[in-house]
Amino acid sequence: MKQEKRQGILFIIGAGFFFALMTFFVRLSGDLPTMEKAFFRNAVAAVVAAFLLIRAKEPFYAPKKSWGGLFMRSFCGTVGLICNFYAIDRLNIADANMLNKLSPFFAIIMSTFILKEKANKVEWGAVVLAFTGALLVIKPSFDIQFVYGLIGALGGLGAGIAYTYVRKLGKMGVKGPVIVLCFSLFSCVVTLPFFIIGYKPMSMTQFVCLMLAGVCAAGGQICIT
64 MKQEKRQGIL FIIGAGFFFA LMTFFVRLSG DLPTMEKAFF RNAVAAVVAA
114 FLLIRAKEPF YAPKKSWGGL FMRSFCGTVG LICNFYAIDR LNIADANMLN
164 KLSPFFAIIM STFILKEKAN KVEWGAVVLA FTGALLVIKP SFDIQFVYGL
214 IGALGGLGAG IAYTYVRKLG KMGVKGPVIV LCFSLFSCVV TLPFFIIGYK
264 PMSMTQFVCL MLAGVCAAGG QICIT
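Numbering of the sequence shown is given in our numbering, commencing with residue 64 and proceeding in unit increments.
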């Protein structure tokens, strides 16, 4: 059990590192539309997940009882991703990243309802401190930046719910790459129409940044899953 806990901690740290790099490359890709960035990010992640499944000779399969959980993980994850990318383009990158990192604290709250897991006093204290810090970042006002801050926090909520379902799906025996591939394909389908309608030509530098963002996102998703 201690060994599994240590591995879990290392994977969480790895996920944080990869997602931080993803945020950096998304911001570096410049003024491309949010949906265009989201599509490329997920397309690359889907390719990586598919490669891992093929290499491991694992079937793209999930038991029927897990389909609802896969949909919720994919839907909430997609909403969280789009909100996060929108906030990254409009807020200070540090603030956008901090708001997205509310996801573990939202996961603590949602695990009470979805997983029936009870948080202890220390964990609830951490939740209170996290949301107090978020208020300092959002700075409630009638300014447009406040709206962007709320969207960033919504991104954290979506990710938090998605991660809770990742844990539930893992308990059902769904393989990590299958979860990642389902989410990535779902997000591609959702963002594709917006990508086509609002397509904006990109430079080679922007294309490379989006490819790197996708690779880092895949690494982060695999670690968190």
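Glycine included, every Cβ here is placed at the ideal spot set by N, Cα and C.
Between the C-alpha atoms of ALA112 and VAL243 there is a straight-line separation of about 6 Å. When C-alpha distances from PHE270 are compared across SER92, GLY77, PHE257 and ALA119, the shortest belongs to SER92.
Take the alpha-carbon of ILE207 and the one of ALA157: they are about 18 Å apart. ASP94 sits in coil when the DSSP states are folded into three classes, being neither helix nor strand. If you look at LYS234, you'll find it in the alpha helix (DSSP H) that goes 207-234. VAL107 places its beta carbon less than 9 Å from that of ALA276. LEU115 and MET235 have their alpha carbons spaced roughly 20 Å apart. In the structure shown, the three-state DSSP call for MET135 is helix.
Inter-segment contact for the stretch 118-127 and the stretch 216-230 is absent: fewer than three beta-carbon pairs are separated by less than 8 Å. The way I'd put it, the stretch 261-268 doesn't touch the stretch 166-184; fewer than three beta-carbon pairs between them come closer than 8 Å. In this structure, the beta-carbon distance from GLY261 to GLU99 falls below 9 Å. With a threshold of 16 other beta carbon atoms within 10 Å, GLN70 falls short and is exposed. If only complete runs of 3 or more residues are kept, the stretch 104-182 shows no beta strand (DSSP E) anywhere. The C-alpha of LYS238 lies about 14 Å from the C-alpha of LYS128. Judged by DSSP in its simplified three-state form, THR195 adopts helix. For ALA150, the CB contacts under 7 Å within the same chain, skipping 5 residues up- and downstream, are ALA159, LEU162, TYR211, ILE214, GLY215 and GLY218 in chain order. In this structure, the straight-line span from the alpha carbon of ARG104 to that of ALA125 is close to 24 Å.
In this chain, the alpha helix (DSSP H) harbouring VAL243 covers 239-260.
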